[in-house]
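In what follows, a structure is listed as structure tokens, so that the remarks can point back to it.
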Amino acid sequence: MPHSIEKDFTYSFDTKTTTSSLKVPLTVPLHISAKEFVSRLVHLHNLPCFVQQDLEDKLEEFVAKETIQLHDKNADDAIQKVKTGEIDSDDLIRQWLPVYSQELKSYAKPYQLSKDEKFAEVYHNLIHSPALETLLNLEHEYSLGVDKLTRERDRDLQHLQDKQRADMDEALQNVGSVYKDEDINLLAQKQFENTQIVEGKWSSELRALHEQQKNEYREWVFQVHEDSKGKAPLPAYVQRLRSLSSTLPDAGVDERQAHVTRLEESFTIHLGAQMKTTHNLRLLCTDILDLCRHKPHTVGGMVIPQPQRLQTAMSLYSNNLCGLILLADNRLNSYTGIKQKFAQICDSSTDFHFPTLDSQLQTIEQQLPKAAEVKAKKKGGNDDMDQLSLHSTSSSSSEEKEKSGDKKLHSGDFYLTKHSNLSEVHVVFHVVSDDNLRTSDITSRHPVILSIRNIIKLCFRYDINTLTVPLLLTHEMSEEMTISWCMKRAELMFKCVKGFMIEMATYSSQESKTIQFLVPRGLSEELFHQISNMIPTIFRLSNPLVVKSN
1 MPHSIEKDFT
11 YSFDTKTTTS
21 SLKVPLTVPL
31 HISAKEFVSR
41 LVHLHNLPCF
51 VQQDLEDKLE
61 EFVAKETIQL
71 HDKNADDAIQ
81 KVKTGEIDSD
91 DLIRQWLPVY
101 SQELKSYAKP
111 YQLSKDEKFA
121 EVYHNLIHSP
131 ALETLLNLEH
141 EYSLGVDKLT
151 RERDRDLQHL
161 QDKQRADMDE
171 ALQNVGSVYK
181 DEDINLLAQK
191 QFENTQIVEG
201 KWSSELRALH
211 EQQKNEYREW
221 VFQVHEDSKG
231 KAPLPAYVQR
241 LRSLSSTLPD
251 AGVDERQAHV
261 TRLEESFTIH
271 LGAQMKTTHN
281 LRLLCTDILD
291 LCRHKPHTVG
301 GMVIPQPQRL
311 QTAMSLYSNN
321 LCGLILLADN
331 RLNSYTGIKQ
341 KFAQICDSST
351 DFHFPTLDSQ
361 LQTIEQQLPK
371 AAEVKAKKKG
381 GNDDMDQLSL
391 HSTSSSSSEE
401 KEKSGDKKLH
411 SGDFYLTKHS
421 NLSEVHVVFH
431 VVSDDNLRTS
441 DITSRHPVIL
451 SIRNIIKLCF
461 RYDINTLTVP
471 LLLTHEMSEE
481 MTISWCMKRA
491 ELMFKCVKGF
501 MIEMATYSSQ
511 ESKTIQFLVP
521 RGLSEELFHQ
531 ISNMIPTIFR
541 LSNPLVVKSN
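Each residue of the sequence shown is one higher than the one before, starting from 1 at the first, in UniProt numbering.
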């Protein structure tokens, strides 16, 4: 396998009366520049100066062509030797691996952690150290500051609404005598503009407070990490924060009792016939936002961080994350319905680790055109492919809209947001749904159910070990939700989730997952127990082994 080869280079040029030809041997690849080689030829053979540029161009073209042919021939010979077994491929790998690694290390820039990555690493170390209590107390102090500003905002807006309502009532009572129809319209427009101004003012103040607290908190975390590297005692400001909880009096009887009770029942199940996996199921009856909302927890008359906050904070940067499925409409905002309530919960305290909800929604909106293009390209592929299965399947009407260039969200699509300031949740899957879910004749191929399949796959892949699923695919009770309707919907969801978990077990090790089936608050206790009794008929429970001695 030669590394170079001798070739004859021929060049012809015309003068006034004759045609001259030059033929010289050269080594391919050329070890000097073409310009220097041409200069030597011109000097050695007394060539006219006007052919120098043309000769250089022709030489570069010749050398490039012959070099490519030489490399191609050597590559074909090397591949053929590997195919015939003349050269062992394992030996080649052992030879090239250290050479490639050394070359890469020589020229590649050393990887540097970003500011967010450094903060995540430092926070994870501190949250699993004696500074845990200090961190939680500081976060709680910041949340009280946000709560105070939020209450002031609500009072201001309520006062403005009461004043505007009184002015509008007075104007409507005097229509025709004092006010005209045009005056009513102008008054309504002015009130709307004033409301927008006041809401914008408070929103700006809230964003500024969040940003200020986030910067202060991160600086404080880095400072505590630096101070705790040595064996010196904890700084005074850390000890002061830790003393907040140590000096609290014991909780009274009324403080020990939960404010809102919820129905709950847990099961341990086995899935699979040959490769059995053990998982946990939990049936809950509560408001889905209660899993996000921080409940007031008082001891001795003082509000302190709730116990659930401890587990959420310690598992933030771990392989034991908690997810929640939230049904939403196809508008990518937080202005109405349950999305507005969820946004208010997110704004009630500062997220020190991730962007705000509005920032995440803006990023998702910017990615919608790209997501639509990727989804359109994969429509004709196999649904079993990993990449395709990560995208939810839409209805036929949605497919037609995608082909026509519509970039909106459709039923079955979902997007996720990440949070560190919620009570029991790290990741929220926002699933787009419509009124078709209120009918009782949906099947396992419904877009929303298929999106739950893809969400479960993501959970198996990315260490989300706890997932809360709305069992009835609704967040509140309605008149059409009869007992038979609820039982039929629950049976469908139980069977679908069971099949999805068996299917997705191939993407994960033997790790145990927890699926929380949540039914809306307002469900009767009798119906709750009927749904609970359905679980042993669909899932194989893990029953204890009882050994009796004679």
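Every residue gets a Cβ at the ideal spot worked out from N, C-alpha and C, and that includes glycine. Keep in mind that this is a model prediction, so the values were computed, not measured.
Which of helix, strand or coil does DSSP assign to residue i?
i: Phe-352; result: coil
i: Lys-498; result: helix
i: Asn-333; result: coil
i: Glu-480; result: coil
i: Tyr-317; result: coil
i: Ile-442; result: coil
i: Asn-174; result: coil
i: Asn-280; result: strand
i: Pro-536; result: helix
i: Ile-515; result: strand
i: Asn-436; result: helix
i: His-430; result: strand
i: Asn-465; result: strand
i: Thr-474; result: coil
Note down the Cα distance separating residue i from residue j, rounded to an integer number of angstroms.
i: Phe-9; j: Gln-366; result: 57 Å
i: Met-501; j: Ser-512; result: 11 Å
i: Gln-161; j: His-419; result: 32 Å
i: Leu-368; j: Phe-517; result: 30 Å
i: Ile-87; j: Lys-7; result: 29 Å
i: Leu-97; j: Ser-4; result: 25 Å
i: Pro-470; j: Val-519; result: 6 Å
i: Cys-459; j: Thr-278; result: 16 Å
i: Gln-80; j: Ser-89; result: 12 Å
i: Phe-528; j: Thr-468; result: 17 Å
i: Val-221; j: Phe-354; result: 15 Å
i: Arg-331; j: Gln-213; result: 30 Å
i: His-446; j: Lys-377; result: 21 Å
i: Leu-523; j: Cys-285; result: 7 Å
i: Asp-250; j: Leu-144; result: With a pLDDT of 48 at Asp-250, under the threshold of 50, the modelled position of that residue is not reliable, and the figure given next carries that caveat. For Asp-250 and Leu-144, the distance between alpha carbons rounds to 21 Å.
i: His-159; j: Gln-191; result: 13 Å
i: Trp-485; j: Ala-171; result: 49 Å
i: Ser-20; j: Ala-64; result: 24 Å
i: Gln-530; j: Ser-433; result: 26 Å
i: Ala-166; j: Thr-195; result: 15 Å
i: Asp-329; j: Leu-472; result: 17 Å
i: Val-42; j: Leu-104; result: 42 Å
i: Lys-73; j: Pro-2; result: 10 Å
i: residue 571; j: His-210; result: Absent from the model: residue 571. The displayed extent of the chain is 1 to 550, so no value can be given.
i: Gly-176; j: Asn-333; result: 41 Å
i: Tyr-462; j: Lys-375; result: 21 Å
i: residue 581; j: Ser-266; result: A query on residue 581 cannot be resolved here, the shown segment of the chain reaching from 1 to 550 and no further.
Ordered along the chain, which non-local residues of its own chain (more than five positions away) have a Cβ less than 6 Å from that of residue i?
i: Leu-326; result: Val-428, His-430
i: Asn-320; result: Asn-465
i: His-426; result: Leu-321, Cys-322
i: Trp-202; result: Arg-153
i: Phe-352; result: Lys-214, Tyr-217
i: Ile-364; result: Tyr-415
i: Val-51; result: Phe-13
Report all residues from its chain with a CB closer than 8 Å to the CB of residue i; omit the five preceding and five following residues, and keep chain order.
i: residue 551; result: The structure shown has nothing for residue 551, since the chain only spans 1 to 550.
i: Leu-113; result: Glu-121
i: Thr-474; result: Leu-327, Leu-437, Arg-438, Met-481, Pro-520
i: Asp-156; result: Val-198, Trp-202
i: Cys-496; result: Ser-444, Ile-449, Ile-452, Arg-453
i: Ser-129; result: Ser-228
i: Leu-361; result: Leu-332, Asn-333, Ser-334, Thr-417
Rounded C-beta distance between residue i and residue j? I'm assuming under 8 Å.
i: Glu-193; j: Leu-149; result: Actually they are not in contact, since the Cβ atoms of Glu-193 and Leu-149 sit about 23 Å apart, beyond 8 Å.
i: Tyr-142; j: Thr-350; result: 6 Å
i: Ala-34; j: Leu-59; result: 5 Å
i: Ala-186; j: Met-168; result: The amino acid occupying residue 186 in the given sequence is Leu; Ala does not appear at that position. Actually they do not touch by this definition, with Cβ atoms about 12 Å apart.
i: Ser-423; j: Arg-293; result: 6 Å
i: Val-38; j: Glu-61; result: Going by Cβ atoms, the distance from Val-38 to Glu-61 rounds to 13 Å, so no, they are not a contact pair.
i: Ser-532; j: Leu-283; result: 5 Å
i: Ile-535; j: Phe-494; result: 7 Å
Should residue i be flagged as near chain D, meaning a C-beta pair shorter than 8 Å?
i: Leu-472; result: Checking the listed chains, one finds no chain D in this structure; it contains a single protein chain.
Under 7 Å Cβ to Cβ from residue i, same chain only, skipping five residues before and after it: list those, please.
i: Leu-291; result: Leu-324, Ser-423, Glu-424, Val-425, Thr-468
i: Met-477; result: Pro-520, Gly-522, Leu-523
i: Glu-525; result: Leu-263
i: Leu-126; result: Leu-135, Val-221, Val-224, His-225
Exercise for review: Specify whether the stretch 407-423 and the stretch 440-455 touch according to this definition: at least 3 beta carbon pairs, one from each stretch, less than 8 Å apart.
Suggested key: yes
**Study point:** Meets three-Cβ-pair contact criterion under 8 Å: the stretch 135-147 and the stretch 206-221
**Key:** Yes, since at least three Cβ pairs between the stretch 135-147 and the stretch 206-221 fall closer than 8 Å, the two stretches touch.
Check your understanding: If you pair each beta-carbon of the stretch 16-33 with each one of the stretch 64-82, do three or more pairs fall below 8 Å?
Key -> yes
**Study point:** the stretch 308-318 touching the stretch 101-108, judged by at least three CB pairs closer than 8 Å
**Key:** Touching, no.
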